[in-house]
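Asks:
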Amino acid sequence: MSLYKLITPKKFVELVAKETARRVVPVDATWYMPNLNKDAKKEFLTVERIPHAVYFDIVGIKDTKSPYPHMVPDLDTFNKGMSQLGIQRDDILVVYDRIGNFSSPRCAWTIGLFEHPNVYLLNNFNLYKEAGYPLDTTKTEKFTEFAESDYKADTSLAIDEVVSYENMVNLVKTGDIKSKYNVVDARALPRFEGSAPEPRPEIPSGHVPGANPLPFPEVLNGETKAFPETTEEMAKQLQEVTKKLGYTIDQKKPTIAMCGTGVTGTIIKTALEHAGLKMVRLYDGSWTEWAQRSGPELIAKNRD
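Take a look at the structure:
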């Protein structure tokens with residue numbers, strides 16, 4: 001079950017208008033791949049944002065002790081990051097990114113891991129902007145307009161939501177990865193098949209033996225980058241994509257989503273849950289960890 005809900009721009013605007021007892025706080029989680037040479041934080045301050053938005057830095061609020069990017073933070077790191085943004089436990093959070101649905105699913109999932117009561121994923125900023133809803137284009141020097149809070153999450157659902165490298169190795173070596181699980185990888189097909197390089201030159205391309213490709217753009221609208229609105233539409237799109245790629249997802253099996261660094265894996269995780277799948281977890285270290293910790297025997301090139 002998803003840790004957050006999708007919300008359309010129209011429903012978001014209506015929520016802001018009618019909610020009087022609690023704050024509705026937009027959360028900008030825009031992040032760009034390093035090879036794009038774009039500064040998401042600077043854009044938040046100088047270009048545009050949804051009014052009253054705060055900026056959640058997925059590069060900063062993470063497991064700082066891990067050598068791998070974007071790994072789930074511990075409780076103290078998460079609470080400190082949320083406190084610095086002035087977030088309160090009873091706030092209704094609506095997460096978005098200015099790309100569409102790229103880094104925001106990762107942020108919404110992270111916040112949901114720590115059981116924030118009300119988390120939505122805006123579906124999506126492109127449609128919000130296209131509809132002419134309010135934007136703040138004034139320049140600012142702050143990533144939040146709220147005073148620092150004392151945010152306290154007490155638990156993390158990571159043990160239920162996250163798959164470790166050791167778990168993945170065991171699944172591969174026992175053969176359970178194919179017989180008992182669906183494993184889907186959000187990276188581009190040429191990277192998955194080992195015919196194109198990874199963005200990080202020190203990492204070989206290829207895939208985890210037993211995994212199947214599910215390139216994340218395939219689960220979104222090609223123009224708006226939005227998820228289909230209904231469960232039925234999402235399920236149909238997934239079925240068409242996997243059929244084209246030559247496999248099917250067994251809904252009776254638990255599913256593990258992954259990608260390059262744990263960001264776009266949450267896009268396909270969102271799509272799978274939106275389509276009705278109940279048991280979907282994330283391999284957080286994803287291909288960056290797998291390729292750096294595994295020998296050649298655990299890196300597949302050809303499709304199984």
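Each step along the sequence shown adds one to the number in full-length UniProt numbering, with nothing skipped, and position 203 is 203.
From the three backbone atoms N, C-alpha and C, an ideal C-beta is built for every residue, glycine too.
Which term fits residue 49, buried or exposed, when burial requires 16 or more other beta carbons within 10 angstroms of its beta carbon?
Replies: Flag for residue 49 reads buried.
Asks: Looking only at its own chain, which residues have a Cβ that is under 6 Å from the Cβ of residue 187, when we skip the five neighbours before and after it?
Replies: Around residue 187: 259, 260.
Asks: Could you name the residues of the same chain whose beta carbon sits closer than 8 Å to that of residue 184, not counting the 5 residues immediately before and after it, in chain order?
Replies: Once the five neighbours on either side are set aside, the close Cβ partners of residue 184 are 211, 212, 213, 214, 249, 255, 256, 257, 258, 268, 272.
Asks: Would you mind working out which of 190, 289, 174, 226 sits nearest residue 302, comparing C-alpha positions?
Replies: Of the listed residues, the one whose Cα sits closest to residue 302 is 190.
Asks: Using the three-state DSSP reduction, which class does residue 106 fall into: helix, strand or coil?
Replies: Three-state DSSP puts residue 106 in a helix.
Asks: Secondary structure at residue 158, three-state DSSP: helix, strand or coil?
Replies: Helix.
Asks: Once DSSP output is grouped into helix, strand and coil, what is the label at residue 234?
Replies: Reduced to three states, the DSSP call for residue 234 is helix.
Asks: Label residue 237 either buried or exposed according to how many other C-beta atoms from any shown protein chain fall within 10 Å of its C-beta, with 16 as the threshold for buried.
Replies: Buried is the call here.
Asks: DSSP three-state call for residue 119: helix, strand or coil?
Replies: It is a strand residue.
Asks: So what does DSSP say about residue 321, is it helix, strand or coil?
Replies: Because the chain here runs from 1 to 304, residue 321 falls outside it and cannot be looked at.
Asks: Please go through the same chain and pick out, in chain order, the residues whose beta-carbon is closer than 6 Å to the beta-carbon of residue 2, but skip the five residues on each side of it.
Replies: Excluding residues within five positions, the ones whose Cβ falls inside 6 Å are 273.
Asks: Determine the extent of the beta strand (DSSP E) in which residue 92 is found, giving its start and end residues.
Replies: Residue 92 -> beta strand (DSSP E) spans 92-96.
Asks: The beta strand (DSSP E) that contains residue 28, what's its start and end?
Replies: Its beta strand (DSSP E) spans residues 24-28.
Asks: Just how far apart, CA to CA, sit residue 351 and residue 281?
Replies: Nothing about residue 351 can be reported from this structure: the residues present for the chain run from 1 to 304 only.
Asks: Look at the alpha carbon of residue 63 and the alpha carbon of residue 33, and state the distance between them as a whole number of angstroms.
Replies: About 19 Å.
Asks: Is the segment 49-61 touching the segment 25-32, taking contact as three or more C-beta pairs under 8 Å?
Replies: A contact exists between the segment 49-61 and the segment 25-32.
Asks: Ordered along the chain, which non-local residues of its own chain (more than five positions away) have a Cβ less than 8 Å from that of residue 242?
Replies: Once the five neighbours on either side are set aside, the close Cβ partners of residue 242 are 212, 214, 248, 249.
Asks: If you count every other CB in all the chains shown that lies within 10 Å of the CB of residue 21, and 16 or more means buried, which is it?
Replies: Answer is exposed; the Cβ neighbour count stays below 16.
Asks: Rank 287, 295, 276 by C-alpha distance to the C-alpha of residue 69 and give the top, closest one.
Replies: That would be 287, whose Cα lies nearest to the Cα of residue 69.
Asks: What's the gap between the Cα of residue 16 and the Cα of residue 131?
Replies: About 16 Å.
Asks: As a quick exercise: from 194, 99, 41, 292, pick the residue whose alpha carbon is nearest that of residue 221.
Replies: Answer by Cα proximity: 99.
Asks: Within this structure, are the beta carbons of residue 209 and residue 300 separated by less than 7 Å?
Replies: Going by C-beta atoms, residue 209 is nearer than 7 Å to residue 300.
Asks: Considering only C-alpha positions, which residue in the set 143, 39, 104 is nearest to residue 83?
Replies: Nearest option by C-alpha distance: 143.
Asks: Among 266, 204, 180, which has the Cα closest to the Cα of residue 251?
Replies: Nearest option by C-alpha distance: 180.
Asks: Suppose you measure from the CA of residue 165 to the CA of residue 289; what does that come to, to the nearest Å?
Replies: Straight-line Cα distance between these residues: approximately 8 Å.
Asks: My assumption, with CB atoms under 8 Å, is that residue 163 sits in contact with residue 4. Please give the rounded CB distance.
Replies: Not a contact, Cβ separation roughly 19 Å.
Asks: Do you know offhand how far residue 294's Cα is from residue 157's?
Replies: Near 27 Å, if we compare the C-alpha coordinates of residue 157 and residue 294.
Asks: Just to confirm my understanding: we take residue 172, look at its own chain, exclude 5 residues before and 5 after, and list those with CB closer than 8 Å. What are they?
Replies: Cβ neighbours of residue 172 beyond the five flanking positions: 208, 209, 210, 298.
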